[in-house]
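Residue numbers (full-length UniProt numbering): 1 to 386.
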């Protein structure tokens, strides 16, 4: 029996972040008798290993190596080479943003011809120092020297990692999802969520899914919630995720007297069920490459209010998305939230049609990735195979 072709993904960890969720969406839907994924990770934190057991159950290998910051460039590249040279990979796929040039260089040394760097972030924080900008430009140069293919989840993320003068070398790959997971939900799921979280039937739920970090801006959610609750105490926020700032956010929520209006749920595997219970999805990020949770929320028929730092390519044309500047006053945010809660929701057919036509179905994304690996071909009857 022919062994499956193997692709090596290089990630910080396999926690439930946007890029990691995308990789797992692809991995679950690929024919693993033909193509297998292995992973190099750099973190041992429990919260960053949500997908590890599932990866192993599907036949993937996970190699843990020290991070670049821990070992320095020379030892880091050697660790990468040790993994790559011991296996016969048809491609390496690096998801570590500006550090992606190092695995690409290691793969080049190992003679791996297909070396992919994938940008998932748009980390344009205003405080970037001259030193940081010079470092980024240097690492961009390493990526251009070492990689053979460049891809991104959005134009904004492409510019961040690969620069403005890309000469059409960067392929934009949509972050596809399995739409059926979000529309084929038990109609009684909201009631079950309310019961689980000890919430009243008339509660208005602001939902958020994201790592507790500066970029996700959960502190802003507290400000919005405080304003809403002062006018209408039926508002509750459900915050899903873990991260370094969770404790800080919890302390601030207590200080603001909001604890009874917030449910901190940590890492959850039933995101689709919870999404269907939200009245509104709030996403006030300071930067985003794409924001796959925006797509998941719309697949659930949930209205979304996002900051203008979230790319407008996350709007699936269902009338569910509003982008607001973080500098706008709080009343504007609250007015849009109140209006969105009572808006009509699109039907299942519209959701499937719009998301599929825009190329965000999981099958479209799977085909894009197979083309990236150079293993997708057309059959005589016009179909696709690999």
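The C-beta atom is built at its ideal place from N, Cα and C for all residues, glycine as well.
Alpha carbon of residue 132 to alpha carbon of residue 198, nearest angstrom: 47 Å
When burial is assigned at 16 or more other CB atoms within 10 Å of the CB, is residue 342 buried or exposed? exposed
Name the two residues that bound the continuous alpha helix (DSSP H) containing residue 334. 330 to 341
DSSP puts residue 232 in a beta bridge; with which residues? DSSP, once it has assigned bridges, lists no residue as partnering residue 232.
Is residue 84 closer than 8 Å to residue 106 when the C-beta atoms are compared? yes
Return helix, strand or coil for residue 293, following the three-state DSSP convention. helix
Suppose the cutoff is 7 Å on Cβ atoms and the five residues either side in sequence are ignored; what does the same chain contact list for residue 345 look like? 301
Residues near residue 253 in its chain [Cβ-Cβ closer than 7 Å; skip 5 each side]: 222, 259 and 262
Which stretch, first to last residue, makes up the beta strand (DSSP E) that contains residue 7? 5 to 10
Three-way DSSP call (helix, strand, coil) for residue 238 in this model: strand
With DSSP as the reference, identify every bridge partner of residue 118, one or two as the case may be. 151
At the level of alpha carbons, what is the spacing between residue 129 and residue 33? 48 Å
Sort out for me which residues DSSP pairs residue 38 with in a bridge. 8
Among all the DSSP beta bridges, which residues are the ones paired with residue 64? 41
At what residue ranges does the region 69 to 124 contain a whole run of the alpha helix (DSSP H), taking only runs of 4 or more? 73 to 85 and 101 to 109
Same chain, Cβ closer than 6 Å to residue 89, neighbours up to 5 away in sequence not counted: 6, 8 and 112
In the DSSP assignment, find the unbroken beta strand (DSSP E) run with residue 306 in it and report its ends. 304 to 307
Do residue 291 and residue 314 have their C-beta atoms within less than 8 Å of each other? yes
From the DSSP output, in three-state form, read off residue 141 for me. helix
How far does the alpha helix (DSSP H) with residue 322 in it reach, from first residue to last? Here residue 322 belongs to no alpha helix (DSSP H); instead the beta strand (DSSP E) covers 321 to 324.
N-terminal and C-terminal residue of the alpha helix (DSSP H) that residue 263 is part of: Per DSSP, residue 263 belongs to no alpha helix (DSSP H); it is in the beta strand (DSSP E), 262 to 266.
Where residue 16 and residue 110 are concerned, what is the direct C-alpha to C-alpha distance, given to the nearest angstrom? 31 Å
Identify, in the order they occur along the chain, each residue of the same chain with its Cβ nearer than 7 Å to the Cβ of residue 21, setting aside the five sequence neighbours on each side. 292
Please name the residue in 80, 27 and 54 whose C-alpha comes closest to that of residue 41. 80
What number of angstroms, rounded off, separates the C-alpha of residue 209 from the C-alpha of residue 250? 15 Å
Helix, strand or coil at residue 177 [DSSP, three-state]: strand
What does a CB cutoff of less than 7 Å around residue 376 pick up in its chain, not counting 5 residues either side in sequence? 367, 370, 384 and 386
Taking just the CA atoms, how far does residue 217 sit from residue 333? 15 Å
Any idea if residue 86 is buried or exposed, counting beta-carbon neighbours within 10 angstroms, 16 or more meaning buried? exposed
Are residue 169 and residue 150 closer than 8 Å when you measure CB to CB? yes
Distance between residue 317 and residue 303 (C-alpha atoms, nearest Å): 12 Å
Residue 209, enclosing beta strand (DSSP E) - first and last residue: 204 to 209
With DSSP collapsed to three states, give me the class of residue 356. helix
Whole-angstrom distance between residue 338 and residue 225, CA atom to CA atom: 12 Å
Test item: CB-CB of residue 175 and residue 360 under 8 Å: yes
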